[in-house]
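A.B. asks:
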Amino acid sequence: MAKVEVKQLLEAGVHFGHLTRKWNPNMAPYIYMERNGIHVINLYKTVAKMEEANEALKKIAASGRKILFVATKKQAKDIVAEKASSVNMPYITERWPGGMLTNFVTIRRAVKKMASIDRMKKDGTFLTLSKKERLQVDRLRAKLEKNLGSISEMSRLPGALFIVDTMREHIAVKEAQKLNIPIFAMVDTNSDPRDVDFLIPSNDDASKSIDIIMSQVAAAVAEGLSERKAEKQGEKEGQEEAPQAAEKEATKAPEPTPETVETKAPPVVAKTTENEVKVEAVKEAVAEAPKSEEAPAPKTKTKKKASAGDDLTKIEGVGPKAAEALSAAGLDTFAKVAEAEADKMKEILTEASSRMAHLDPTSWAKQAKMAADGKWEELKEWQDSVKGGVE
């Protein structure tokens, strides 16, 4: 991923903020100066914050979680749709459907309704309807496709949200905060940066500014996806090479030890008959048989997981910051979280940051137990059936 230069951001107009009378005082650390009644954003801080956000987005993409892009303003919707589609991520560019995250089960029902209409058209059931009914179904399908078509592949809550203009998408921000979903956003001088976990101070109104920021974000997500693909490929190759390595090790003759050398010494036959020599050879073969079977265990080339701990963000309701706080407190594996009490985890999160005091870790031990036992399908079904991991 090529690092963006300050000069490129300057040419794209990323530094232009809003009128000084419309500013939010909490954006003061990211404002460089005021000129002609307009605030100018500090682009050096924009670059630093962008690198921090891109690194976090890359980790989320590498973990296999989806990142939902949200931008409903006219000058941003086409750019966001194009960039999100290029990395196969869901996006909302029309109207934000209320309860998109907090009432995700109902939204999934609407998506399944769209899939059922498609099945009706394939199996011929659609043609049995009257002309009026067919017209109504077509209109419903078109409406669902317009509003929810881009999230049809999103079968569970996203791992993060990327928002252009938090003032306009305030409902999405509130829903993500309620479910502890990390929020990444382009934040202008009139927005409140405290609502965002990873902010990129920038002009969120100009199409050139949105395009250059989204290009960098899409590149970071693509890099995370390529890392995940390479890791999966490595695991697959390791599994394929394991049986071959086992066969090679099994066919290798065991190296002679001092004991076997002594037993293989030719017997003294000076005073023995030919029959006695044959009997002695048979005894040697029987004695050597168990030793030849005890070949060393084959060394497989399966890839070992890093000892840095499990990816706790796979537990619904645990974001990157919550996972970091739990790991710092010693709860860095699914097995440890499964044994931890909810009150203890609540205390750890509250001490780490007051912004995580609202989290509800009641179901985390249950989810961690399923993850520790390798019951990923069961965990996914459970997460899809509840709202944000809260029963």
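For the sequence shown, counting from 1, position 191 maps to 183 in the numbering used here; every step adds exactly one.
For glycine and all other residues, C-beta sits at the position ideal for the given N, C-alpha and C.
#1: Applying the criterion that 16 or more other CB atoms from any shown protein chain within 10 Å of the CB defines a buried residue, is Gln375 buried or exposed?
#2: What's the C-alpha gap between Lys105 and Leu149?
#3: Can you round the beta-carbon distance between Arg57 and Gly151 to whole angstroms, since I take them to be within the 8 Å contact cut?
#4: Ignore the nearest five residues each way along the sequence and tell me which others in Asn46's own chain have a CB closer than 6 Å to its CB.
#5: For Pro193, which of Ser55, Leu371, Arg13, Glu43 has the nearest alpha-carbon?
#6: Just the C-alpha distance for Gln359 and Pro174, rounded to the nearest angstrom, thanks.
#7: How is Glu308 classed by DSSP in three states: helix, strand or coil?
#8: Which whole-angstrom value is the C-beta distance of Asp303 and Asp324, which I expect to be below 8 Å?
#9: Pull up the DSSP beta-bridge partners for Ala193, would you.
#10: Mind checking who Ile340 pairs with in its DSSP beta bridge?
#11: From this set, Asp187, Met81, Ser77, Asp157, which residue's C-alpha is nearest Val59's C-alpha?
#12: Does DSSP classify Glu145 as helix, strand or coil?
#13: Taking the CB atoms as reference points, tell me whether Met206 and Lys69 lie closer together than 8 Å.
#14: What did DSSP end up calling Arg133 once you bin it into helix, strand or coil?
#15: Under a Cβ-count criterion, where at least 16 other Cβ atoms within 10 Å of its own Cβ denotes burial, should Asn439 be classed as buried or exposed?
#16: Using 8 Å for Cβ pairs, my map puts Ala314 next to Asn172. What's the rounded Cβ distance?
#17: Which whole-angstrom value is the C-beta distance of Pro185 and Met19, which I expect to be below 8 Å?
#18: Per DSSP, Tyr83 is paired with what?
C.D. replies: Reading from the atomic positions:
#1: Counting from 1 along the sequence shown, the entry for residue 375 is found at position 383. That one is buried.
#2: Locating residue 105 in the sequence shown gives position 113, where the first residue counts as 1. Locating residue 149 in the sequence shown gives position 157, where the first residue counts as 1. Those two C-alpha atoms are separated by around 19 Å.
#3: Against the sequence shown, residue 57 aligns to sequence position 65. Against the sequence shown, residue 151 aligns to sequence position 159. Yes, Arg57 and Gly151 are in contact; Cβ-Cβ is about 3 Å, under 8 Å.
#4: Counting from 1 along the sequence shown, the entry for residue 46 is found at position 54. Counting only Cβ-Cβ distances below 6 Å, and skipping sequence neighbours, we find Ala212.
#5: Taking the sequence shown and counting its residues from 1, one reaches residue 193 at position 201. Out of Ser55, Leu371, Arg13, Glu43, Glu43 has the C-alpha closest to the C-alpha of Pro193.
#6: Within the sequence shown, numbered from 1, the residue matching residue 359 stands at position 367. Within the sequence shown, numbered from 1, the residue matching residue 174 stands at position 182. About 19 Å.
#7: Indexing the sequence shown from 1 puts residue 308 at position 316. Here Glu308 sits in coil by DSSP.
#8: Mapped onto the sequence shown, residue 303 falls at position 311. Mapped onto the sequence shown, residue 324 falls at position 332. Their Cβ separation, rounded to whole angstroms, is 10 Å, which puts Asp303 and Asp324 out of contact at 8 Å.
#9: One-based indexing of the sequence shown puts residue 193 at position 201. The sequence given here has Pro at residue 193, not Ala. For Pro193, which the question treats as bridged, DSSP gives the partners Val179.
#10: Numbered from its first residue, the sequence shown carries residue 340 at position 348. Paired residues: none, contrary to the question.
#11: Sequence index remark: in the sequence shown, residue 59 carries index 67 (1-based). Just to set this straight, residue 59 is Ile in the shown sequence, not Val. Selected option, being the one with the closest Cα: Met81.
#12: Mapped onto the sequence shown, residue 145 falls at position 153. Glu145: coil per DSSP, three-state reduction.
#13: Looking up residue 206 in the sequence shown gives position 214. Looking up residue 69 in the sequence shown gives position 77. The Cβ-Cβ distance between Met206 and Lys69 does not fall below 8 Å.
#14: Taking the sequence shown and counting its residues from 1, one reaches residue 133 at position 141. Of the three classes helix, strand and coil, the one that applies to Arg133 here is helix, per DSSP.
#15: Absent from the model: residue 439. The displayed extent of the chain is -7 to 383, so no value can be given.
#16: Against the sequence shown, residue 314 aligns to sequence position 322. Against the sequence shown, residue 172 aligns to sequence position 180. About 7 Å separates the two Cβ atoms, so the contact holds.
#17: Position 193 of the sequence shown, counted from the first residue, corresponds to residue 185. Position 27 of the sequence shown, counted from the first residue, corresponds to residue 19. That pair is a contact at about 6 Å.
#18: Locating residue 83 in the sequence shown gives position 91, counting from the first residue. DSSP output for Tyr83 lists Phe61 as bridge partner(s).
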